[in-house]
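Residue numbers (this note's numbering): 497 to 827. Heads up, the beta-carbon is just placed ideally off N, CA and C, and yes, glycines get one too. Okay, so here's the structure we're looking at.
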Ligand code: HEM
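Now the structure itself:
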């Protein structure tokens with residue numbers, strides 16, 4: 497059973513302001529926290545805000561693609577393609593492909609600049625060669641899969657699809673290792689940065705998918721089967737976020753202590769320290785939003801997606817809901 501407040505309470509919150517802006521506010525906080533992170537790590541290598549902006553564009557496009565691929569092949573499940581939600585999944589794939597084209601352009605441009613900084617700081621060593629080769633392979637394979645028009649059944653967890661997802665995660669890991677290498681490699685620092693960057697990528701990619709792919713597609717097809725598939729996918733993403741939040745917090749604090757130490761005045765009296773404190777605050781805001789979203793049914797405007805218990809009843813093979821209060825509507 498759900499322990500969420502009643503529909504009346506949820507609608508009370510709705511009267512105050514458009515509650516569906518909460519996930520968008522969360523995305524804004526994630527974008528801001530990642531820009532601050534990119535600025536901090538750029539400053540620590542002695543470069544300015546222009547390079548920080550390019551690195552941020554690189555991290556964001558990488559995250560949108562890697563996190564989106566994770567949703568496409570992991571949060572979507574085989575059952576979703578068999579219980580009346582296959583058209584919904586196909587439409588989501590198409591929407592994601594359109595977003596992926598833009599992200600690929602940004603990644604290709606910003607990735608060239610970022611690779612150049614790694615190469616010049618690491619004297620064109622073999623590690624840079626491996627990183628550039630994996631990045632080039634991924635961008636090429638991703639461009640091929642994005643440009644193809646194939647049915648969702650063919651694309652879903654296809655060999656090429658899974659390879660592209662694997663390459664996306666490899667590029668994320670490789671980026672974190674390169675970032676640490678340019679200031680002096682250490683296995684613990686590298687592992688911590690890998691988890692920080694992976695957590696960020698999964699979060700921003702999943703948030704973009706939920707807001708710009710899952711919700712608009714679900715609104716076009718508000719059937720019970722779609723609401724159930726969308727709700728279950730969202731719940732899998734929520735489980736990922738339950739891991740992501742402590743991961744970002746712990747790895748973030750470790751990195752901050754590693755570079756700035758533990759003296760309070762360093763945090764309160766320097767721009768780098770204040771940036772780190774702002775990031776800690778951003779995690780607090782994100783935790784509050786994460787808690788409020790299901791309480792206010794604010795994760796999605798489609799009934800039943802936010803809380804699976806709202807759907808009740810059962811769904812037949814052709815996607816009709818036979819009983820229960822939650823036949824979805826698009827409010
Ligand atoms: C307690 C909260 C957090 C702390 C203390 C923190 C701290 C840091 C620090 C110190 C860096 C620079 C690492 C270095 O150059 O050695 C960094 C980088 C970064 N952070 Fe965070 N962070 C936190 C939360 C977040 C959140 C919520 C996001 C976004 C969802 C985020 C995304 C990033 C990104 C994208 C980078 C750049 C990674 C890189 O240069 O490889 N961080 N963070």
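Between residue 703 and residue 534, the gap from beta carbon to beta carbon reaches 8 Å or more. In the DSSP assignment, residue 728 falls within the alpha helix (DSSP H) that extends over 720 to 756. Sequence-distant Cβ neighbours of residue 595 in its own chain, meaning closer than 8 Å and more than five residues away, are 560, 564, 704, 708, 709.
With fewer than 16 neighbouring CB atoms inside 10 Å of its own CB, residue 636 falls in the exposed class. Comparing alpha-carbon positions, the option among 517, 536, 625, 586 lying closest to residue 766 turns out to be 536. The beta carbon of residue 609 sits closer than 7 Å to those of 550, all from its chain and outside the five residues before and after it, given in chain order. C-alpha of residue 529 to C-alpha of residue 775: approximately 6 Å in a straight line. The alpha-carbon of residue 698 is positioned some 11 Å away from that of residue 526. Spatial neighbours of residue 649 in its own chain (CB-CB distance under 7 Å, excluding positions within 5 residues in sequence) are listed in chain order as 577. In chain order, 532, 535, 536 place their CB closer than 8 Å to the CB of residue 771, counting only its own chain and leaving out the 5 sequence neighbours on each side. Collapsing the DSSP output to three states places residue 798 in a strand.
With respect to residue 660, residue 674 sits apart: the two C-beta atoms are not nearer than 8 Å. With 6 Å as the limit, the residues whose C-beta approaches a heavy atom of the ligand HEM more closely than that are 526, 529, 530, 533, 534, 536, 537, 540, 555, 672, 675, 689, 692, 693, 696, 699, 744, 745, 748, 749, 751, 752, 755, 772, 775, 776, 778, 779, in chain order. Per DSSP, residue 707 is not a residue of any alpha helix (DSSP H), being assigned neither H nor E.
Rounded to the nearest whole angstrom, the CA to CA distance from residue 516 to residue 795 is 7 Å. Cβ-Cβ separation between residue 678 and residue 617: approximately 5 Å, consistent with a contact (criterion under 8 Å). Measuring C-alpha to C-alpha distances from residue 575 to each of 682, 721, 680, 749 identifies 721 as the nearest. Counted as a single uninterrupted DSSP element, the stretch harbouring residue 571 is not any alpha helix (DSSP H), since DSSP gives it neither H nor E. Secondary structure of residue 792 (DSSP, three-state): coil. Non-local beta-carbon contacts of residue 645 in its own chain, meaning distances under 6 Å to residues more than five positions away in sequence, are absent.
Pairing residue 602 with residue 553 gives a Cβ-Cβ distance under 8 Å. Annotated three-state conformation of residue 621 is coil, per DSSP.
One Cα belongs to residue 620, the other to residue 789, and the distance between them is close to 47 Å. A check of alpha carbon separations from residue 680 across 606, 597, 755 identifies 755 as the nearest. The straight-line gap separating the alpha-carbon atoms of residue 733 and residue 695 is approximately 12 Å. In the DSSP assignment, residue 557 falls within the unbroken alpha helix (DSSP H) covering 545 to 566. Rounded to the nearest angstrom, the gap between the Cα atoms of residue 643 and residue 657 is 13 Å.
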